[in-house]
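**Student:**
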Amino acid sequence: MAKNIFEFVGLPADHRKKIFMAVKHFDDVNPKADLDIFHKKVSFPMFGQVKRDGCFAALVVTLYGEIAIYNRTGKVNTNTGCLLATYNELTLRPGIYLGEILSSHPCSLEELSGAISPNRKAALSTDKDGCNQVAVAACLYIDFFDHISLGEFERGRAERPYSERHAHCKSLPSFNDDTLTLLPYFTINGYTQLIEFADAMIEMGQEGAVFKQDVEWLCTAKDWHQMKIVRGIHLDLLCVGFEDGSGKDEGHISNLMFNYEDGKIVKCSPGRGWKYPARKELFEHAVANDDESPVGKIYHVAALQKSSKNGVLRLPKFRERRDDKDEPDF
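206 is the number that my numbering gives to position 218 of the sequence shown; each next residue is one higher, with no gaps.
Have a look at this one:
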């Protein structure tokens, strides 16, 4: 059985439960961002970086020059021989190089993940449901975004801020001459710029964007340290009801209800562009049931994703009214 990542660097197999810092949806961390209310640890400026549509990868280089590629759960990826052969020819210093593994051969994320899965036992096929898995594995590469030392990995914490870790990685052999790709980052000075950056990445065909505070790397973190905005689900739905807010939000639209698939009703909170004055005005129209009432109108609804189990939309929010639409999606 292949060694897990801890064993590979000379640590006990059960060194700790949490292995790598994860990324959380921006809206999960900042549910009131549209009102310019953010998590207490989130501040501007922060860094914005493209999010590739690949699989997380940790390229591990030991003190003895051994190299392996692990996934987020600490298991070694399979079928990475061609990629490892390339890295073995380079002068890579010991450490943990974090990135996204991709393939230059056309494939979906599911096909890529299946080709390199640590649990894969079957041989690669040249025609698996139309996918040439052999070609996918032969064309693997990694776009890197972070680097921590072996000591920092052992401790589960790198106190150096992201900008310092990024600069150090950029100075290393094979990165300073652009043999290997280290994704650049950009300074984001406010929420409007953050949204524009994420939208631009998605429009370019990327999965989305990652936003990072210039802070430490912490293996247990899945919070404000790094957040993502990715391609979501976008629907045009018919509004069939509304809810008033409570407390200080009383007299403002809290949620709109929409017809959804299979006769379901989905409840959506206000999204981009719906500040307090606009929410108040919308509520007044809804109560008056006048021509500007949201009920009976079609709205753009955006959600993070759709549950594969029950079809429920995750964090759905309504945006602009679609006066150009005659028929909703459901």
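Idealized CB from N, CA, C, for every residue including glycine.
(1) Should H135 and Y85 be called a contact, given that it needs their Cβ atoms to be closer than 8 Å?
(2) Count the other C-beta atoms from every protein chain shown that fall within 10 angstroms of the C-beta of E88, then say buried if there are 16 or more, exposed otherwise.
(3) Return the CA-CA distance between P186 and F163, expressed in angstroms with no decimal places.
(4) Is the Cβ-Cβ distance between N65 and N59 less than 8 Å?
(5) Which residue marks the beginning of the alpha helix (DSSP H) containing G53, and which one marks its end?
(6) Is DSSP giving M215 helix, strand or coil here?
(7) Rounded C-beta distance between H3 and F(-6)? I'm assuming under 8 Å.
(8) For F174, which residues from the same chain have a beta carbon less than 8 Å from its beta carbon, with the 5 sequence-adjacent residues on both sides left out?
(9) A46 and F8 look like a contact to me (Cβ under 8 Å); what is the Cβ gap, rounded to whole Å?
(10) Reducing DSSP to helix, strand and coil, say where S257 ends up.
(11) Contact check, G62 vs N(-8) under 8 Å by CB: the rounded distance?
(12) Have a look at A290, C227, E191 and D250 and flag the residue whose alpha-carbon is nearest the alpha-carbon of I221.
(13) Among R309, D312, A(-10) and A276, which residue has its Cα nearest to the Cα of K109?
(14) Going by DSSP, name the residue or residues bridged to R309.
(15) Measuring CB to CB, does T169 end up less than 8 Å from D131?
(16) Take the Cβ of G139 as the centre, count every other Cβ of all protein chains shown within 10 Å, and call the residue buried at 16 or more, exposed below.
(17) Would you kindly work out how many angstroms separate the C-alpha atoms of A125 and K158, rounded to a whole number?
(18) On the criterion of 16 or more Cβ atoms from any shown chain inside 10 Å, does S257 qualify as buried, or is it exposed?
(19) On the DSSP bridge list, what partners appear for A197?
(20) Quick check on DSSP: helix, strand or coil for M245?
**Tutor:** The answer reads as follows:
(1) yes
(2) buried
(3) It is Ala, not Pro, that sits at residue 186 in the sequence shown. If you take the alpha carbons of A186 and F163, they lie about 26 Å apart.
(4) yes
(5) First-last for G53: undefined, no H or E at that position.
(6) strand
(7) 4 Å
(8) F35, G36, Q37 and F185
(9) 7 Å
(10) strand
(11) 5 Å
(12) A290
(13) A(-10)
(14) Y287
(15) yes
(16) exposed
(17) 26 Å
(18) buried
(19) V38 and I217
(20) strand
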